[in-house]
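J.:
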Amino acid sequence: MFFNRIFFNHQINIISLVKYLNVLGFIWIIIKCLFHFLPLDYWFEFGGYYLFFSTWCIEFIYEKRWKNVKWNATSYYFMLFLLFFAIGVIFAPFDTTKYLKHHIESRYPLLGFGIVGIFGLNEKYSLQMIFKTLILVSTCAILYLISQIGIINLIYSDNRSEMLSQMRIQTINAHMGFNLYLNYSLIAIWYLLFKSWKQMKWQKIVLYIASGVLISLTLFLSEGRSGFLAGVFLLLCFILHALWRLKHSLILFGFLLFPICLYIALHMHPRISEKAIENEARLALWKSAIELIEEKPILGYGISRAQESFDTVNMKYTSKHFNEYWRKKQVPFIDTHNQYIQTTLEFGIIGLILLLAIYWAPIYIKHHQSLLILFCSFLYSFQSLFDIFITGQFCTFFCLIMLTLLRMKDKNAIFSPK
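Dropping the structure here:
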């Protein structure tokens with residue numbers, strides 16, 4: 004009996020260690036999502052994936068999770084990830100092979116994290132922990148950029164935006180990925196502050212506010228328009244929410260100021276102007292893609308044939324300057340730079356409906372955190388207008404955010420029904 008108790012306790016200690024290692028793997032991956040351009044060897048690049056999925060499989064077998072899976076709205080939601088991945092595989096026998104391997108590999112996170120989402124994560128996770136990780140990583144990344152440039156150089160330079168941009172590209176990420184991460188960190192700060200600011204020590208409140216100001220200023224200095232606009236919109240929404248909580252009648256005043264502030268912000272950014280929009284290469288790419296979609300609107304072309312077809316027309320309406328720029332870069336292909344158009348091109352209207360379900364279904368799953376999920380849904384939906392999101396480099400980050408929102412507990416959610 005004594006030895007059985009020792010063996011049982013030993014088993015519990017080992018499985019607890021495995022669970023903590025699983026959390027470490029998750030955090031490793033979410034940190035790596037920001038540092039996309041950081042040159043790392045193979046194990047630093049993919050070690051987080053090996054650690055996360057191997058420990059999750061050990062948990063899965065040890066706890067026999069297949070027996071205890073709860074088929075609820077959350078489980079069915081993650082089935083959509085598998086379905087979206089499966090469509091590409093189902094189309095494969097009727098598709099071409101030129102881009103098939105590359106495009107399917109870019110969607111592996113939907114398969115892996117989709118399975119994890121169905122069966123769930125262990126109890127060591129918490130939404131607050133992941134949100135705090137996002138905030139800490141974003142703040143440290145910005146401080147690193149400032150340290151590399153020099154704070155005096157940054158303050159007195161007339162080219163702050165360019166200096167930050169060049170240093171960020173050299174060491175961390177392009178503006179799309181970087182700004183997306185910062186905007187999710189802003190949402191995390193808003194959520195944590197409004198959830199429990201009354202119970203927080205004033206030092207912690209100051210740190211959150213300072214981090215939020217630093218992140219906001221970095222977004223305002225970014226050359227990326229989508230990240231800048233998303234940041235401004237989110238900050239204005241946070242202000243409206245604060246006014247509503249302070250006194251309901253103040254929301255009318257907020258709604259009057261909202262469009263004015265948004266208008267001023269739009270005219271602050273040097274890349275947001277009528278001339279810049281007229282010369283925007285994305286509009287030309289979208290026009291070419293839509294012409295292809297009109298030929299096969301229901302089922303699309305398949306993931307490889309869609310790209311091959313787009314290769315023949317992608318520079319049909321683009322400027323000579325754009326064409327020369329991309330030829331010099333020698334990239335293997337140019338996508339549509341729009342997730343909605345790309346998905347419709349690949350899988351037709353059926354694929355587009357599935358994509359919209361993946362983006363917006365979480366709002367109906369977690370009613371007690373509807374505003375939090377609404378802000379997150381806005382962010383990746385807005386980002387998808389200007390880049391490939393869940394079938395490109397942002398796929399992993401999207402999956403991690405969905406697991407955080409839907410599979411991690413937060414006992415003191417701010418919008419719990421009374």
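Each residue of the sequence shown is one higher than the one before, counting from 4 in my numbering.
Backbone N, C-alpha and C define an ideal beta-carbon position, used for all residues, glycine too.
Note that this is a predicted model, so its numbers are computed, not measured.
Residue ranges of each alpha helix (DSSP H) run of no fewer than 4 residues wholly in the region 100-157, ordered along the chain?
T.: You should have 103-108, 111-122 and 130-152.
J.: Go ahead and label Pro365 buried or exposed: buried means 16 or more other beta carbons lie within 10 angstroms of its beta carbon, across all protein chains shown.
T.: With 16 or more Cβ atoms within 10 Å of its Cβ, Pro365 is classed as buried.
J.: Counting along the chain, where does the alpha helix (DSSP H) carrying His272 start and finish?
T.: Counting along the chain, His272 falls outside any alpha helix (DSSP H), and DSSP gives it neither H nor E.
J.: Enumerate in chain order the residues of its own chain whose CB-to-CB distance from Leu85 is below 6 Å, with the five nearest sequence positions on each side excluded.
T.: Hits under 6 Å: Gly117.
J.: Apart from the five residues just before and just after Ile423, which ones in its own chain have a Cβ nearer than 6 Å to its Cβ?
T.: Because the chain in this structure spans residues 4 to 421, residue 423 falls outside the shown range and cannot be described.
J.: Grouping DSSP H, G and I as helix and E and B as strand, with all else coil, what is Val21?
T.: If DSSP states are grouped into helix, strand and coil, Val21 belongs with the helices.
J.: Quick one: is Lys412 buried, meaning 16 or more other Cβ sit within 10 Å of its Cβ, or exposed?
T.: Exposed is the call here.
J.: Is Lys319 close to chain D, meaning its C-beta is less than 7 Å from at least one C-beta of that chain?
T.: Checking the listed chains, one finds no chain D in this structure; it contains a single protein chain.
J.: Could you compute how far the alpha carbon of Phe122 sits from the alpha carbon of Asn71?
T.: Whole-angstrom Cα-Cα distance: 8 Å.
J.: Taking only the alpha-carbon atoms, compute the straight-line gap between Met318 and Gln345 and give it to the nearest angstrom.
T.: The straight-line gap from Cα to Cα measures roughly 16 Å.
J.: Are Thr58 and Val119 touching if we call contact CB-CB under 7 Å?
T.: No; because the gap between Cβ atoms is not below 7 Å, this pair is not in contact.
J.: Can you check which of these residues, Gly91, Gly257, Thr99 and Lys204, is closest to Glu108 by C-alpha distance?
T.: Closest option to Glu108, Cα to Cα, is Gly91.
J.: Out of Leu374, Glu226 and Thr99, state which residue places its alpha-carbon closest to the alpha-carbon of Gly180.
T.: Checking every option, the nearest Cα to that of Gly180 belongs to Glu226.
J.: Measuring alpha carbon to alpha carbon, tell me which residue in Glu126, Glu283, Thr347 and Tyr53 is nearest His324.
T.: Of Glu126, Glu283, Thr347 and Tyr53, the residue nearest in Cα terms is Glu283.
J.: Return helix, strand or coil for Asn415, following the three-state DSSP convention.
T.: Bear in mind that a pLDDT of 49 at Asn415, under 50, signals an unreliable position, so the model cannot answer this.
J.: Leaving out five residues on either side along the sequence, give the residues of the same chain with a beta carbon under 8 Å from the beta carbon of Leu408.
T.: Only Leu130, Pro365, Lys369, Gln372, Leu375, Ile376 and Cys379 meet the Cβ criterion.
J.: Is the beta carbon of Phe261 sitting closer than 7 Å to the one on Leu237?
T.: Not a contact, by the Cβ cut-off of 7 Å.
J.: Quick one: give me the first and last residue of the alpha helix (DSSP H) that Ile405 is part of.
T.: A quick correction: the sequence has Met, not Ile, at residue 405. Element bounds for Met405: Cys398 to Arg410.
J.: Ends of the alpha helix (DSSP H) at Val72?
T.: No alpha helix (DSSP H) holds Val72; DSSP gives it neither H nor E.
J.: Tell me whether Gln386 sits in a helix, a strand or coil according to DSSP, three-state version.
T.: DSSP places Gln386 in helix when its eight states are reduced to three.
J.: So, under 8 Å CB-CB, Gly303 and Leu348 are touching, yes? Tell me the CB distance rounded to an integer number of Å.
T.: So it is a contact: roughly 6 Å between Cβ atoms.
J.: Using 7 Å as the threshold, is the C-beta distance between Ala268 and Val235 below it?
T.: Their beta carbons are under 7 Å apart, which means Ala268 touches Val235 by this criterion.
J.: Under the assumption that Phe397 contacts Leu183 (Cβ atoms under 8 Å), give the Cβ distance between them as a whole number of angstroms.
T.: The pair is a contact, with the Cβ atoms about 7 Å apart (cut-off 8 Å).
J.: Should the region 350-363 be regarded as contacting the region 188-204, the criterion being three or more beta carbon pairs within less than 8 Å?
T.: Because the criterion of three Cβ pairs below 8 Å is not met, the region 350-363 and the region 188-204 do not touch.
J.: For Val334, is the classification buried or exposed, using 16 other Cβ atoms within 10 angstroms of its Cβ as the cut-off for buried?
T.: Under this definition Val334 is an exposed residue.
J.: Return helix, strand or coil for Val316, following the three-state DSSP convention.
T.: Coil, per DSSP.
J.: Less than 7 Å between C-beta atoms, sequence neighbours within five positions excluded: which residues of the same chain meet that for Ile17?
T.: Result list for Ile17: empty, nothing under 7 Å.
J.: Please determine, among Leu167, Leu139 and Thr100, the residue with the shortest C-alpha to C-alpha distance to Lys207.
T.: Of Leu167, Leu139 and Thr100, the residue nearest in Cα terms is Leu139.
J.: In terms of alpha-carbon separation, which member of Thr142, Leu224, Ile175 and Gln173 lies closest to Asp161?
T.: Selected option, being the one with the closest Cα: Leu224.
J.: Report whether the distance from the Cβ of Leu124 to the nearest heavy atom of the ligand GDP is below 6 Å.
T.: Summarising the ligand content, the structure contains no ligands, and the ligand GDP is consequently not present.
J.: With a floor of 4 residues, list each alpha helix (DSSP H) that falls wholly inside the region 203-233, ordered by position along the chain.
T.: DSSP runs (the alpha helix (DSSP H)) wholly in the region 203-233: 205-224.
J.: For Thr321, count neighbouring Cβ atoms within 10 angstroms of its own Cβ and tell me buried if that reaches 16, exposed if not.
T.: Buried is the call here.
J.: Looking at the unbroken alpha helix (DSSP H) that takes in Trp46, where does it start and where does it end?
T.: Unbroken alpha helix (DSSP H) run through Trp46: Tyr45 to Glu66.
J.: Could I get the ranges of all uninterrupted beta strand (DSSP E) runs contained in the region 346-372, with 3 residues as the minimum, in chain order?
T.: With a minimum length of 3 residues, no continuous beta strand (DSSP E) run stays inside the region 346-372.
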